[in-house]
Amino acid sequence: MRIALIYPPPWKIAAREENVSYGHDGPPPGHRPQDLDADFYQTPYGLFTLGAEALRAGHRVKVLNLSAYAWSRVEEIIAGLDADLFGMSCWTANRRGVALTARCIREHHPKAHIIVGGPHATPLATEMLEHHPEIDTVSLGESDATFLELIGRLELGKPTSGIAGTVYREGDAIRKGPERRAIHELDTLASPHDYFDTHIVMTSRGCPWACTFCGAETTWGRGFRGHSVRYVLDALERVLARLPVKMLQIKDDTFTTNKKRVLELCHGIRERGLQFFWSCDTRVDLLTEPLLREMRLAGCQRLSLGVESGSQAILDAIDKKITPDEILESTEMAKQVGIKVRYYMMLGNRGETEHTFQETLDFLDRASPHEYIFSCLSIYPGTRDFHDAEKAGFVDREVFFTETFQELKTPFDASDEDTQRMNAWFFANSGLRVVHRDSVADYRAILERLGDYHAAHMDLGAALYQAGDMDGAEHHVRRALELGYPLPGLVYNHLACIAYARGDLQGMMDHFSHAAKVDPQHFVLIQNVNAARAWFKQGGPERKLPLQLSVRHDFQLLERTVQPTLPGPLPEDWKAWNAVALPAEPSATYLRTPDVEGSQHVLKTRTRLKVVV
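Quick note: the sequence shown uses the numbering used here, first residue 399, plus one each step.
As structure tokens, then:
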């Protein structure tokens, strides 16, 4: 069977050269390009898991990321995809694009079956079928087994009604199939990393907690399920053999839920000699000193913690089940082993006032994480916030089908005055904020705690460079290289910058040249090489012009802007179904993709959002 899995754009996007306005089908009023952060454009991992299942079952599958494509190009691509089954991933931000793409599919392929899944479609399945007649089926929550059963029915020409885990059409009626049980043996699933080159990894599903703003339970059900350590290690080994940049993001909802499993995974990474760096997301109450040490030695560079607020009253109101003291303790433990700590913070949660927000700001001063980033409360369908707001009468689910907003960003119950004050602060402080930088003394202590570890040497070498100690910097970055630092291009970039600081221009270019041969994938290196070339061309040495070089090695995910992971160019044979469209060859274009969501929005009052009161 020919299957097309599509990640649609958020709405109809006009091409730069087009003088066209799509009106209600276009971007929302006041939309700015940065309102959709880079994370939005990453193909959802769920499409890769479904694609892997279908490929393993012998079907012909194309996964296409159209999230940034002009609408004229989307129509052209859809018209050329003669698939039997179209599947789409629906999130709140791209819900309108899903509906528009479904309409386009139906126009060009009237006999194709259209199925939609995802965190927005699951809680609003009935309404999606009511509002969008082009969609045949909505798959609820975990869709691996559901998707394969649907494919099997279609292949045999059988009716698709009554499949467990779906909402579907039966004549003019909309019906719901039986509930489908969660997959407990996750190792029976095909690994996306056998088929797709993505830097995103998921080793588990679900979260045992139930924060009021989170929809994980709606998607995965209550509880935590993990792949076996061996399954994860095998997947890591395969994907690392193909990826040019040895950096991965582990995007489990709560990675360290099972601490014993994570310890075993870290031991396995070291035993297999897998040299790469990674980040993960977790909770502050699931960390211990031994665990953090093992994570660091296995390559963990950054820990993103769902802190949300520094006010105990707000933490209690959102059912976070943590305390500010636990946040402080975990932050300090991570710093002791050199893991960078990033806080995810929120504005506008239930109970938020100017006073509680000031508590949060005061707390951030005390906690001093390496980084933090604020987002505004988004009320997503399927969350407790959504259900409570709907019961209270200030949110009506119909607005998700009638209004054009990107996400429903509104304070849960803050006054207009407090909302205005928080908006003013957010406008001045949005985006990633750097708070804490470790000192040379800090890095010396970390190296002593960890032993002869390559990343600790690199950190210390970089700090010594910034302090002006070039001999010490060179010693430690060279030691990092000797110990197998996973990103040798960044080591040679440091050595090139050290050479320039010493006035050794030939040494600088030799190091740049060597870096380009062994590890040419890093944006910092590319930036510096281009700057040096331009400097020489302008007669920089003779004219004594300054050369600005970047000396960085922080965890920064780089992905190639190629299909299917990111919306790059389609391969020339994208219409052909006689072969599986595997990832394209490396491209010279890269997207620096932050792993933060919703960072560029401000709170809006309910009246300005036109929600039903």
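Yeah, the Cβ is synthetic: ideal placement off N, Cα and C, and Gly gets one too.
- A790: member of the alpha helix (DSSP H) spanning R782 to A790, first to last residue.
- Between the alpha carbons of L762 and A853 lies a gap of roughly 27 Å.
- Beta-bridge pairing by DSSP links R623 to R603.
- Here the C-alpha atom of E540 lies approximately 49 Å from the C-alpha atom of Q946.
- Listed in chain order, the non-local C-beta contacts of H457 below 6 Å within the same chain comprise M399 and I401, local neighbours out to five positions each way being set aside.
- Taking C-beta atoms as the reference points, T959 and F594 fail to come closer than 8 Å.
- Between G563 and L538, the C-beta spacing is below 8 Å.
- Closest by C-alpha distance to A914, out of C678, A871 and L885, is L885.
- Short of 7 Å from the beta carbon of P425, and not among the five residues preceding or following it, lie these beta carbons of its own chain, in chain order: W409.
- The shortest C-alpha to C-alpha distance from F755 to any of M743, A765 and V637 is the one to M743.
- I411: not part of any alpha helix (DSSP H); DSSP gives it neither H nor E.
- Close CB contacts of I598 within its chain, under the 6 Å cut and outside five residues either way in sequence, are with Y443, Q647 and K649 (chain order).
- DSSP places T616 in the helix class (H, G or I) of the three-state scheme.
- Counting of Cβ neighbours within 10 angstroms places K807 among the buried residues, the total reaching 16 or more.
- Judged by DSSP secondary structure, N928 falls within the alpha helix (DSSP H) whose first and last residues are F921 to K935.
- Here the stretch 877-896 makes contact with the stretch 905-925; the two share three or more CB pairs at distances below 8 Å.
- Look at Y420 here: in three-state DSSP terms it is coil, with no helix or strand label.
- DSSP lists S776 as the beta-bridge partner residues of K807.
- In the DSSP assignment, the residues bridged to T535 are I513 and Y566.
- Comparing alpha carbon positions, the residue from V536, S677 and R831 closest to Q954 is S677.
- For the pair P531 and K509, the Cα-to-Cα distance works out to about 14 Å.
- A contact between stretches requires three or more CB pairs, one per stretch, nearer than 8 Å, and the stretch 795-803 fails this requirement with the stretch 706-721.
- Within its own chain, the residues whose Cβ lies closer than 6 Å to the Cβ of K574, once the five positions on either side in sequence are excluded, are V565, listed in chain order.
- Residues G604, C605 and D651 of the same chain have their beta carbon placed closer than 8 Å to that of A614, with the five preceding and five following residues left out of the count.
- Distance from H874 to L858 at the Cβ level is roughly 5 Å; contact confirmed, criterion being Cβ atoms closer than 8 Å.
- Here the stretch 726-743 does not lie against the stretch 774-788, with fewer than 3 beta-carbon pairs under 8 Å apart.
- Annotation: W469 to I503 spans about 13 Å, alpha carbon to alpha carbon.
- In the DSSP annotation of this structure, the continuous segment of the beta strand (DSSP E) that includes W676 starts and ends at F675 to T680.
- Counting only residues of its own chain and dropping the five nearest sequence neighbours on each side, A878 has a CB closer than 8 Å to the CB of H852, A853, H855, M856, G859 and V889.
- P688 is classed as exposed because its beta carbon has fewer than 16 other beta carbons within 10 Å across all chains shown.
- DSSP lists M743 as the bridge partner or partners of E706.
- Taking 8 Å as the cut-off, the beta carbon of Y741 is found closer than this to the beta carbon of L703.
- Counting along the chain, N492 sits inside no beta strand (DSSP E), nor does DSSP assign it H or E at all.
- In the three-state scheme derived from DSSP, where H, G and I count as helix and E and B as strand, I598 is classed as strand.
- Taking C-beta separations shorter than 6 Å and ignoring five residues to either side along the sequence, the partners of N492 in its chain run P406 and P408, following chain order.
- Residue pairing by DSSP places I572 opposite R567 in a beta bridge.
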